[in-house]
Structures are given as C-alpha cells and as structure tokens.
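Trainee: Protein chains in written order, with the working numbering: chain A, 8 to 440; chain B, 11 to 240.
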Amino acid sequence: MEKKQKRAENIEYIVGAEKKIQDIITDAEVMPILKGAVKAGASSAIIADAQNKNLWTCGSHPEGSFFTETLPVYLEGEAVGKLEVAGDSKDREYLRGLSGLLIDTIHMILHTNLKRMLTTETHTTVVNKSYEELLEINRKLSISESRYRELAENLEKKVQERTEELRRAHAGMLQQEKMAAIGQLAAGVAHEINNPLGFISSNINTFSKYVSRLKDMVAFYNASLGDSRVPESVRKSSRQKWDALKLDFISSDIEELIKQSLEGAERVKKIVSDLKGFSHIDEGTEAVIDINTEIDRTLNVLTHEIPEGTEIIKDYHPLPGFKCNPALLCQVFLNIILNAIQAKKLTLKLFISTGYNNSRIVIRFSDNGRGIPEEIRSRIFEPFYTTKDVGKGTGMGLTAAYETITGYGGTIEVESRTEEGATFTITLPVKRE
Amino acid sequence: MIEYDELEKRMVLKLVYYGPALSGKTTNLLRLHDLLERKGRGDLMVLDTKDDRTIFFDLLPFFLVAPSGLKIKLKVYTVPGQVRHDSTRKAVLQRADGVAFIADSQLSEASNNFESFSNLEKNLAIVGLDIEEIPLVIQFNKRDLPDIIPEEDIKRVWGPSGMPVLMASALEGWGVIETFRNLAELAYQHIDKRYELKENHGLDKETFVLKLTRRPDEAGNNTVKNSIRT
Chain A
8 MEKKQKRAEN IEYIVGAEKK IQDIITDAEV MPILKGAVKA GASSAIIADA QNKNLWTCGS
68 HPEGSFFTET LPVYLEGEAV GKLEVAGDSK DREYLRGLSG LLIDTIHMIL HTNLKRMLTT
128 ETHTTVVNKS YEELLEINRK LSISESRYRE LAENLEKKVQ ERTEELRRAH AGMLQQEKMA
188 AIGQLAAGVA HEINNPLGFI SSNINTFSKY VSRLKDMVAF YNASLGDSRV PESVRKSSRQ
248 KWDALKLDFI SSDIEELIKQ SLEGAERVKK IVSDLKGFSH IDEGTEAVID INTEIDRTLN
308 VLTHEIPEGT EIIKDYHPLP GFKCNPALLC QVFLNIILNA IQAKKLTLKL FISTGYNNSR
368 IVIRFSDNGR GIPEEIRSRI FEPFYTTKDV GKGTGMGLTA AYETITGYGG TIEVESRTEE
428 GATFTITLPV KRE
Chain B
11 MIEYDELEKR MVLKLVYYGP ALSGKTTNLL RLHDLLERKG RGDLMVLDTK DDRTIFFDLL
71 PFFLVAPSGL KIKLKVYTVP GQVRHDSTRK AVLQRADGVA FIADSQLSEA SNNFESFSNL
131 EKNLAIVGLD IEEIPLVIQF NKRDLPDIIP EEDIKRVWGP SGMPVLMASA LEGWGVIETF
191 RNLAELAYQH IDKRYELKEN HGLDKETFVL KLTRRPDEAG NNTVKNSIRT
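1. Within this structure, are the beta carbons of A:G362 and A:H324 separated by less than 8 Å?
2. Whose Cβ in chain B lies nearer than 7 Å to the Cβ of A:S137?
3. DSSP beta-bridge partners for B:P71?
4. Cα separation between B:P77 and B:H211?
5. Verify the CB distance criterion: does A:G88 have a CB-CB separation below 8 Å to chain B?
6. Less than 7 Å between the CB of A:I211 and some heavy atom of the ligand MN, yes or no?
7. B:I12 touches chain A at which residues, Cβ-Cβ below 8 Å?
8. Would you list the residues sitting across from A:D374 in a DSSP beta bridge?
9. For chain B, find out if any of its Cβ atoms is closer than 8 Å to the Cβ of A:K60; answer yes or no.
10. Taking C-beta to C-beta, are B:G29 and B:S126 nearer than 8 Å?
11. Compute the beta-carbon to beta-carbon distance between B:L181 and B:Q149, rounded to the nearest angstrom, for a pair I have assumed lies under 8 Å.
12. Please name the residues in the region 113-147 of chain B whose beta-carbon is closer than 8 Å to at least one beta-carbon of chain D, in chain order.
13. Could you check whether A:V92 and A:L109 sit closer than 8 Å to each other, using their CB atoms as the reference points?
14. Tell me the rounded alpha-carbon separation between A:V37 and B:E16.
15. Report the option in A:C331, A:L162, A:R386 and A:F214 whose CA atom is closest to the CA atom of A:P436.
16. Could you check where the beta strand (DSSP E) with A:K321 kicks off and where it finishes?
17. Pairing CB atoms from the region 339-355 of chain A with CB atoms from the region 367-386 of chain A, are three or more of them under 8 Å?
18. Where does the unbroken alpha helix (DSSP H) through B:E209 begin, and where does it stop?
19. With 8 Å as the C-beta to C-beta threshold (strictly closer), list the residues of the region 71-95 of chain A near chain B in chain order.
20. Can you find a C-beta in chain A that's less than 8 Å from the C-beta of B:D53?
21. Could you give the DSSP three-state label for A:Q183: helix, strand or coil?
22. Between which two residues does the alpha helix (DSSP H) holding A:Q247 run?
23. Taking 8 Å as the CB-CB limit, is A:E117 close to chain B?
24. I want to verify the contact list: residues of chain A whose CB lies under 7 Å from the CB of B:V102, in sequence order.
25. Using the C-alpha atoms, what's the distance from A:L162 back to A:A429?
26. Can you tell me where the beta strand (DSSP E) with B:M251 in it begins and where it stops?
27. Would DSSP call A:D111 helix, strand or coil?
28. Taking only the alpha-carbon atoms, compute the straight-line gap between B:E136 and A:K89 and give it to the nearest angstrom.
29. Using three-state DSSP, classify A:I383 as helix, strand or coil.
30. Any beta carbon of chain B sitting closer than 8 Å to that of A:T131?
31. Run through DSSP, which three-state label would A:K10 get?
32. Run through the DSSP bridge pairs and tell me what A:V415 is partnered with.
33. Is it right to say B:V93 is buried, meaning 16 or more other beta carbons lie within 10 angstroms of its own, or is it exposed?
34. Excluding the 5 residues flanking B:E13 on each side, which residues of the same chain have their C-beta closer than 6 Å to its C-beta?
35. Count the CB pairs spanning the region 97-115 of chain A and the region 72-79 of chain A that are closer than 8 Å, and state whether there are at least three.
36. Return the residues of the region 151-172 of chain A that lie within a Cβ-Cβ distance of less than 8 Å from chain B, sorted by chain order.
Below, the structure is given as structure tokens:
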C-alpha cells in the first residue's frame, strides 16, 4: 500500500500511457460474468492476455468431445487478449451466442472503465496541478498582501514621523538663524565696545602714572614744608588746607580707584571677548574645540543670569578636540544651563561633569531643581513644547539641543525624578562619519 | 513517444491536434474516423464533454505492423481548446511526436489563432519539446465559411515558417486526410531519424503513411494481417 502510494507520487501521469487489461477490469467485475456463463451451460469460461496467460478462469474443461469459441478482447481498438468459452460440442450454436454476449459485455465494461479512468486521471492531474498553482499564487498573494498591509499600517506613522522631522528641521533652521543674528549683533557690539574700552584702559594706565608723579611732587612739597626756613604761618595754612581737602584719604584711595577702574575695564574686555567667542562670529562654521573651554565660556556669558548663592560644581576631565560648529554647541550648553537656572531660583546646585569613554565624549548636567514630571519627559524635545508662561519660553531650546547633538551623531537623554532634579546626559562620538 | 519496447517490439506514438476553441479539432478526428478504412484503426473515443465542447480529450488510435514485426500504435489526440483547460492541454501534449495546429479561418478568429499558437509554443517548452524539432503542420479549417482570411494572406504569413499549411473544411470533409498525411510524413521522418524504421524495420515512409491514411475503396489491395478489430 505504502509502496503504491509512493509510486503514484513519483510517476507523472502521461496521457496515453499504455494500460493492461487487468489494470482496467477487476475480478469483481469479470468473475460474475464468467460464472454466469458457466451457470448458463458452458463448461468453462477463460480470459487470457495476449501472451496466452490465463487471467480469469471459471469452470473446467469438459471431458470428451467439446467445442471452444475464442474471441479477441480489444482495448483502444487493439487486441490485448482473448475470451475462451468451452462446452459440449452439441451446444456449439448456443455457446457461440453466449460468447458473443459475453464479449460485448466485457468490451462495454472495458470501454466504460477506460473512459472513467482516463477522465479521472486527467482530472486528478489537472486538479493537482491547478491546486499547486493556486497554492503558489496564494503564497505570492499573501506575501504581497502583507507587504501592502504593512505599508498601509505604517503610512500614517511614517507621515507623522516625517512631519515631525520637518517641523524639527524648520525649527532648527529658525533657531540657527536667530543664533546667527544674535552672534552678529554680539560681534558688532563687542567691536564697538572694544575701541573705547581700549583707550579707557590705556588712559587710566597713563593717568595712574601721572597721578603717581603728582603724588611724588606732593610728597616733595610736604617734605619741603619741614624746612626751618619755611615760615610757621605757611606750614600751618598748608596743613589746614591739606586736612580740609581730605588729601590723606584721597591719596590712599586714589590708587584703589584706579585699580578698580582697571579691573572693571579688564572685566568688560573679558565679557566682550567671551561674547565674541560664544557667538564664534570670528570662526568658520566648523572648528575643532575643547568642550571644557566652551562650557566655561557659556557660564561666563550667563554670569548675570546665574542667581546669587548658586553653587556650580565642575568635574572636568581632559577631552580630545571635537570638530563642530562651536556656536551651535554653546547654544546647547546655554539652553540646558538656562533650564537648570530657571528650575530653581534659590540654592541651586549645578553639577557639570565631562569625560571621555569609548571614543565618546560624555557631558552631564545635573541640577537639584524640581525635576521633570514623567508625563512630559517624552515631550521636552518636541518643537514648541514649553512649560513656561506664554512669551517666556519658545519651546525651542531643547529641540535645538536635540537637533544639534543628533546631527553630530550623538545622543541626548534626560533622567529625572520629580523634586529631585534632572540630569541631562550628552554623548558625542569623536570620530564622525 | 509514449513508449518503445524493443523486446516486445512495440512502439506507441502520440500525435496531437492543437488549436483555439471551436476551431474543429474534434471534427477533424470524427472525419478521419468516418473517412478512413476501419482496418488499422480503433474507434474514436470521445471523453465526456459538455455541450459538445471537449473538456478532456478525444482519442483515435491507429495500428500498423512493420515488416520486422514491430507493432506501431499511433494515438491521435485532441486537446481542449478553451483557455481555461490549459493544464489538460499540457498533460495531453506531453511526449507528443507531432502536432497539427487547427486554426479557425474566420477573420474574427485571427487573434484567437495567434493566442492559441503562442500557448502551444509556451506549453511545448514547458513539457520539454522543441518547437523547431517537433513535426508541426498547420491547418486552416472552416474554408467553407464566408468572411475568412484569404488563402494568399495565409501563405504569405505562414509560408516563410517552412511548415506545411493546409486548407480544409472538416465539416465538408476535405483537407482533413491531407493534414493527417502531412503530419504522418513529418512524424515518420522524425522517428526514422532516431529509430531507423526503414533500416531496422523495413518500414518506409510511403508504406507508413499509406497504412494510416487508407480509404475504404483502397482497402482491398492492402489487407492488414494482424489482429485488428473490424
């Protein structure tokens, strides 16, 4: 049984394949006919194949004188065997008629069975083939259907993502333009201040020298007053005048004033220089910078914004040079620091640490402010998202930071616990593609 | 070739009548059945059809014996012409030794003819037969109808292919035997090349073709001795 099935699978049916008589007709079909012939008076009825091998036998050869009628069995018009009906010689005519009836019946069964087999075989072949083809078509359709469904499902998400990207990009551009404008303004102001500041410092220095000469002269006069040749009245009036003009205080204060003025001018000079540096108006779009320096520069610019009593704890480690647009990077630091400052007005502690690990620069800003509530934590990098009052915040600060950092292949993440502050961690790959 | 048994001296060949739906493939076989001598062939077996349309195939078997004793059985089949029965066409076309392409001469059927012919080309390739090699004759049937494509047009289009092109009206009974004869000749040449029917079996082309295409009035001269049903 198993063997038969295996053959059926392996052998391809060929329309026209030759069939043997015993393939087409079964014992159950043929034996009742032969038995019927014997019952009707024949001694024996035999069907043999073309090689005279008996296929079906019924009854036995009669003894004595007997008659045998032999008729060919046809299949598809070809003689493939014979029917032999034997009986008593005296029944010759009867046996002939019986044989004729028998052979017609057998032919009819053969013909009907063959037709049925051919029909069934063709039908099965065609159905199997069609089924295989349908399976294949179905398989391909399923693949394409799932692809289209995936496309359809993702389309909305994709559109949202793209829209978001565009919004970010647009916002980023606005921010960059704003920065450029501020930078130019700062550079212009700095340039204008630098000139007067130059002659102020220079003049104060010269003035300091002049003053010391004058002081020398005054000291000389004072010493000369002690001469015995000077009349007492002159000495006395000079003393009175000196006291009235509080020249003791003035001569001690004058140096302090000059010193403070010089220090003030120096500070202005530094602020202007930081402002210029911060805006990086003097540099091209890209430069190799030291991030530690840039953070300090940002802090300097923010000096007036940082509330009194704020404690800034720095933990800097040496960093490799980082190639970037320094103005953009400073803007990132500025925005994060500003957020920290605004998060807590009093007793703010700001920890800033930098480090270098696995070819990535890691910068961390931690504050002890209010923290960022969990429900908005995922939204803080969204453009125009702000918790500040209308007009106070643009909702662009962290968006710009995000754009800048990811633009350099870096990451920016926030960890926060409500009322325990927030930590922004920036990583930047040193070797960019 | 369906089978060749050297020991039993038996060869079974297959010829296939191909063509578009309703071009007259079954009618061709019916006419061969009616016109040819009963000796040397079996009866036409028409498998179950629906509304006179072939859905499986029709079969007309022929028999002849070469002087060497080689028994040759030639089975002539029709395929179902309707487009939907392509799998059946492929099954019937397997191992064919020759194809008669029955085209419909009506002008309105021109595109169906071309479609069916390219289907034949495709299916021959699928069942592993080379269209350049296989014996192939073209019959333009239904010449008795009006609005048919002119013979000179047919000759102009098909002439360069080198294939025999025959005009016929299966309904009126002419051109049918000529088509079969042409196909038998080509099939003989094809088989002779490989099996040397003349050299090894003493069967020449003329005898082969004559035995297959004998009309009843010619029968008296050539009696077939073997066990052929009458």
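Where a beta carbon is used, it is the ideal one built from N, C-alpha and C, also for glycine.
None of these values were measured; they are calculated from a predicted model.
Mentor: So, from the listed chains and residues:
1. In this structure, A:H324 lies closer than 8 Å to A:G362 by Cβ.
2. Within 7 Å Cβ-Cβ: S97.
3. Beta-bridge pairing by DSSP links B:P71 to B:K85.
4. Pairing B:P77 with B:H211, the inter-Cα distance amounts to about 6 Å.
5. A:G88 has a beta carbon lying at 8 Å or more from every beta carbon in chain B.
6. Looking for the ligand MN in the displayed structure turns up nothing, as the structure carries no ligands at all.
7. The answer, in chain order, is I21, G23, A24 and E25.
8. Looking at the DSSP output, A:D374 sits in a beta bridge with A:L357.
9. Not closer than 8 Å to any Cβ of chain B, the Cβ of A:K60 fails to qualify, so no.
10. With respect to B:S126, B:G29 sits close: the two C-beta atoms are nearer than 8 Å.
11. About 13 Å separates the beta carbon of B:L181 from that of B:Q149, a gap too long to meet the 8 Å contact definition.
12. The structure shown has no chain D; the protein chains it does contain are A and B.
13. Going by C-beta atoms, A:L109 is nearer than 8 Å to A:V92.
14. Rounded to the nearest angstrom, the two C-alpha atoms are 32 Å apart.
15. Ranking the options by Cα distance to A:P436, first place goes to A:C331.
16. E318 to D322 is the extent of the beta strand (DSSP E) around A:K321.
17. Under the three-pair Cβ rule at 8 Å, the region 339-355 of chain A counts as touching the region 367-386 of chain A.
18. Taken as a continuous stretch (DSSP letters only), the alpha helix (DSSP H) holding B:E209 covers L207 to H211.
19. Of all residues in the region 71-95 of chain A, only P79, Y81, E83, G84, E85 and A86 place a beta-carbon less than 8 Å from a beta-carbon of chain B.
20. Yes, because at least one Cβ of chain A sits closer than 8 Å to the Cβ of B:D53.
21. A:Q183: helix per DSSP, three-state reduction.
22. DSSP places A:Q247 inside the alpha helix (DSSP H), whose first and last residues are E239 to A251.
23. Note that residue 117 of chain A is Leu in the sequence shown, not Glu. Not one chain B Cβ lies under 8 Å of A:L117.
24. What B:V102 touches in chain A, judged by beta-carbon distance under 7 Å, is V22, going in chain order.
25. Cα to Cα, A:A429 sits roughly 36 Å from A:L162.
26. Nothing in the structure corresponds to residue 251 of chain B, since chain B is present only between 11 and 240.
27. Residue state, collapsed to three classes: helix.
28. Looking at the sequence provided, one finds Ile at residue 136 of chain B rather than Glu. Distance between the alpha carbons of B:I136 and A:K89 is about 41 Å.
29. For A:I383, the secondary structure class from DSSP, reduced to helix, strand or coil, is helix.
30. Answer no: the Cβ-Cβ gap between A:T131 and chain B never drops below 8 Å.
31. With a pLDDT of 39 at A:K10, under the threshold of 50, the modelled position of that residue is not reliable, and the figure given next carries that caveat. Reduced to three states, the DSSP call for A:K10 is helix.
32. Reading off the sequence, residue 415 of chain A comes out as Tyr, not Val. According to DSSP, which records beta bridges pairwise, A:Y415 is partnered with nothing at all.
33. Taking all protein chains shown into account, B:V93 has fewer than 16 neighbouring C-beta atoms within 10 Å of its C-beta and is therefore exposed.
34. Result list for B:E13: V22, in chain order.
35. Verdict: yes, contact present.
36. Of all residues in the region 151-172 of chain A, none comes within less than 8 Å of chain B when Cβ atoms are compared.
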